[in-house]
Amino acid sequence: MDGQTIIARRVARELHTGDLVNLGIGIPTLVANHVPPELKVFFQSENGLIGTGPMPEQGMAHPLLTDAGGRPISALPGACTFDSAMSFGLIRGGHVDVTVLGGLQVDAHGHLANWMIPGKMVPGMGGAMDLVSGAKRVIVAMQHAAKGKSKIVAKCTLPLTSTRPVSLVVTDMAVIAFPEGKATLLETAPGVSIAEVVAVTGAELAIPETVPEMKI
Amino acid sequence: MDGQTIIARRVARELHTGDLVNLGIGIPTLVANHVPPELKVFFQSENGLIGTGPMPEQGMAHPLLTDAGGRPISALPGACTFDSAMSFGLIRGGHVDVTVLGGLQVDAHGHLANWMIPGKMVPGMGGAMDLVSGAKRVIVAMQHAAKGKSKIVAKCTLPLTSTRPVSLVVTDMAVIAFPEGKATLLETAPGVSIAEVVAVTGAELAIPETVPEMKI
Amino acid sequence: MRAVSVEEAVAKIPAGASIMVGGFMGVGTPQRLLDEIVRQQKSRLSLISNDAAVPGKGVGKLFDATLVARLTASHIGLNPKAQQQMLANQIAVDLIPQGTFVERIRAGGCGLGGVLTPTGVGTSVAEGKRQIEVNGTTFLLETALRAQFALVHAFLADYLGNLTYALTARNFNPVMAMAADTVIVTAEHIVPVGVIAPDHVMTPAPLVDYLITNG
Amino acid sequence: MRAVSVEEAVAKIPAGASIMVGGFMGVGTPQRLLDEIVRQQKSRLSLISNDAAVPGKGVGKLFDATLVARLTASHIGLNPKAQQQMLANQIAVDLIPQGTFVERIRAGGCGLGGVLTPTGVGTSVAEGKRQIEVNGTTFLLETALRAQFALVHAFLADYLGNLTYALTARNFNPVMAMAADTVIVTAEHIVPVGVIAPDHVMTPAPLVDYLITNG
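Residue numbers (this note's numbering), protein chains in the order written: chain S, 1 to 216; chain Z, 1001 to 1216; chain D, 2001 to 2215; chain V, 3001 to 3215.
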């Protein structure tokens, strides 16, 4: 199983029936493909929809029904639409149970940087800052390391998305949480040892007595 | 013609096609009866409607369509409904062209008191403070005097509704405006002399060279 | 969302709870929930409601049964019982402008700490409040308002909990449905999923905790 | 409301004007107005728009034609031309969180001086902004945002100017329709009064100044 699939499947296990869930672009988008059908989750698209469905069949796309990237989507029975003030009222007001976002860096205290690389990538934060400030649970779904460098760092060097710590980080190697503000290894990916995780983690990791393998 | 009809007819002449108009309870409500049919005015009811129509015919009232006092109304073709946040967004945001409100006192600077008599009448301000703060034009429609005492006073002794001066006061005796913060007599009611107005006005009144009679 | 009986829903509300109740002069008010609150004699309520309606109608019934300890409203002039209880100091009453009232609740539901409004500047409403200047204009800082429970009345509710409201019965209901820990809904009609078109849903299903069943 | 041609409406917009444009990545954007702005070469525009769309689409056309002098947006990452113009200092860009962006416009339309949001506290977004504490929580004061013109795209418009929007094309349109001195609307369909039910109107007719006629 490739890293992205491991991440998406593991994150999907964090969702519960009735949850209102917002998925960011990139790896988070894949989570929707791994939610078991018996789990009734509401997916929000922050451009104004709850109840996003899969890509429409060939010839069925409507130009006024897209995801936040402008790509055609469909709407499930029971879907609803709203304006952007309501969409971010839902987000900032704590009505989104889980948001899953990509990350550039997460530090030892759970602070996330995911919107800007000064001098290089200045796209704007879009909805990311509101999601991290407001969603009930914030899950970061990302590769553990990129180009040989850990994305879990002692302290973020990139501009923060929020000073609020995230709830959980799920990577292709591990699941990490931040109880009492301290990065803690909760699970390892199949076939990955604790020592391997520690070796490619740029932050000090608390290691509990038992660290089970991810169920995916 | 009785005083209330004089007031209502004169206020109606202040309205223009396309105006969004909010009428308070009491004399202001009567204004709607005196708007000529060729004038296309939108009436807002702050409980959530633009396009209020007359009392429905016997047996046609719907319990979910009322004015702000809970009385049955009808809705004209092209009416629209909205929640209270939108209703007061329209009011506070300057989208209401004219509001017509009753008054307890208006002072020489155009300050209105119309919501409370300490120790006697403490009903709450409802929407009055927002209307006076936010509507483009505020017209006070009231009797010139009550129980022999002028309701136009040098300085309000009752709690103010807003520190923003009203645009116009229309009474059964006169039309008064406040150019440069000074109460100024613009018109007299039919058969009422300037001297009579001055005699029952508790504030100093600027009297321009010509003071025409109200056209009603 | 769970579908429950009115008895079960009201049993979840403890005495002394803070409750927001939708409606404007009794129009768009969840009558069945109020009747059951009276039957179960939930006392010392902290009521957040635009008005006190009239005796015998809407939230007026809570004053008839003297169940209210604290009231936040914009207008209570048409309910003499609420007025009497206020003047006799049986109820602590906070009267605030209607636009401020709804905007504070919206802030509570949308995760805002508050809003800056021009309404009330220089009046008795400003007493004890922070004034903030923006570009030379003075505003009052009005803080967010939330409650433990929102009691909401819809026109249509579908099986998932999506809601629409009708005509002037919408008023405060959709705003309150966002601003409470627990949202309890009565509806004139409960309908299958899909009966309400996506563009016509006014309160999305995930906001609703309990829908009161028919009968 | 007046019904006018697209040429006549755009002629009212001076060079250097501030314009809010509805739409999200080009979805729900008044394309005909943008095409006409390009044709009439309205330059030095101060654009308030959620994003910069992509080249050749929506507000992206304004960047293709280098008509934008200042941009307030939440995200421009998918338009390399807008990025280039920003990095070359040809455009002054103010990037703000999307929830803050829409809430500032709503405040502008609703007569509020601003709102207190938790979003951006402790980040670079907070630089130069007032921080206000409410009940022990720190918020940023974000001030109201308005424009001279709002360019809005509706799904249905009736002869009076009542508007509805469809699906995800609603986005910023109804909020912007409240926050500008002059509101200009294009619609997919112009329909007789009464076709849109009162409960389904999303922008009331009195907010609309100009409706662009067909053809």
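Just so it is clear, CB atoms sit at the ideal spot from N, CA and C, and this is done for glycine as well.
- At a C-beta separation below 8 Å, D:M2025 has these neighbours in chain Z: N1047, T1066, A1068, G1069, G1070.
- Under the criterion of beta carbons closer than 8 Å, D:V2175 and D:I2096 do not qualify as touching, at roughly 14 Å.
- C-alpha of V:Y3159 to C-alpha of S:V175: approximately 58 Å in a straight line.
- If you check the CB distance, S:G94 and S:K149 do not come in under 8 Å.
- Cβ proximity to chain V below 7 Å picks out G1089, R1092, G1093, G1094, H1095 from the region 1087–1101 of chain Z.
- A distance below 8 Å separates the beta carbons of D:V2134 and D:L2116.
- Listed in chain order, the non-local C-beta contacts of D:A2126 below 6 Å within the same chain comprise G2120, L2140, local neighbours out to five positions each way being set aside.
- Between V:F3063 and V:A3082, the CB-CB gap stays under 8 Å.
- Identification of residues in the region 3148–3177 of chain V having a C-beta nearer than 9 Å to some C-beta of chain S yields F3155, Y3165, A3166, L3167, T3168, A3169, R3170, N3171, F3172, N3173, P3174, V3175, given in sequence order.
- With a threshold of 8 Å between beta carbons, V:V3115 makes contact with chain D.
- In the displayed model, V:R3002 falls within a strand according to three-state DSSP.
- Taking 9 Å as the cut-off between beta carbons, the residues of the region 2198–2215 of chain D near chain V are P2198, D2199, H2200, M2202, in sequence order.
- For Z:C1156 against V:N3162, the beta-carbon gap comes to about 40 Å, at or over 8 Å, which does not count as contact.
- V:V3191 and Z:S1133 have their alpha carbons spaced roughly 36 Å apart.
- Taken atom to atom, the span from the alpha-carbon of D:A2052 to that of S:V31 is near 48 Å.
- Any Cβ of chain D closer than 8 Å to the Cβ of V:F3101 would place that residue at the interface, and such an atom is absent.
- Annotated as proximal: Z:G1110 and Z:F1178, with beta-carbon spacing under 8 Å.
- Against V:G3136, chain Z offers no close residue; the least beta-carbon distance is about 26 Å (beta-carbon pairs closer than 7 Å).
- In the three-state reduction of the DSSP assignment, S:S162 falls in the strand class, which pools E and B.
- The residues K3042, F3149, in chain order, have a CB closer than 6 Å to that of V:I3013 in the same chain once the five nearest residues on each side in sequence are set aside.
- Linking Z:N1047 to D:N2171 through their CA atoms gives a straight-line distance of about 6 Å.
- Sequence-distant partners of V:F3155 (beyond 5 residues in either direction) whose C-beta falls short of 6 Å from its own C-beta, in its chain, are T3164, Y3165, A3166, E3188.
- Pairing D:T2029 with D:G2023, the inter-Cα distance amounts to about 4 Å.
- Secondary structure in the region 3059–3093 of chain V: the alpha helix (DSSP H) runs of 4 residues or longer, each lying completely within the stretch, are 3060–3064, 3080–3087 in chain order.
- Between the alpha carbons of D:A2009 and V:Q3090 lies a distance of about 60 Å.
- Given a length threshold of 3 residues, each whole run of the beta strand (DSSP E) inside the region 82–142 of chain S is given here in chain order: 98–101, 105–107, 137–141.
- Between Z:Q1004 and Z:I1027 a beta carbon distance of about 5 Å is seen, short of the 8 Å cut, so the two are scored as contacting.
- At a cut-off of 8 Å between beta-carbon atoms, S:I50 makes contact with chain D.
- DSSP places D:Q2131 within a strand segment (E or B) once states are collapsed to three.
- For the pair D:V2027 and Z:G1070, the CB atoms are nearer than the 8 Å cut-off.
- For V:G3056, there are no C-beta contacts with chain S under 7 Å, since the nearest C-beta of that chain is about 13 Å from it.
- Taking 8 Å as the CB threshold, D:G2122 stays off the interface with chain V.
- Linking V:T3182 to S:S84 through their CA atoms gives a straight-line distance of about 21 Å.
- Comparing alpha-carbon positions, the option among Z:M1055, Z:R1013, Z:I1091 lying closest to Z:Q1044 turns out to be Z:I1091.
- In the DSSP secondary-structure assignment, S:Q44 is bridged to S:N22, S:I50.
- Neighbourhood of S:A32 in chain D, by CB distance below 8 Å: empty, with the nearest CB roughly 16 Å away.
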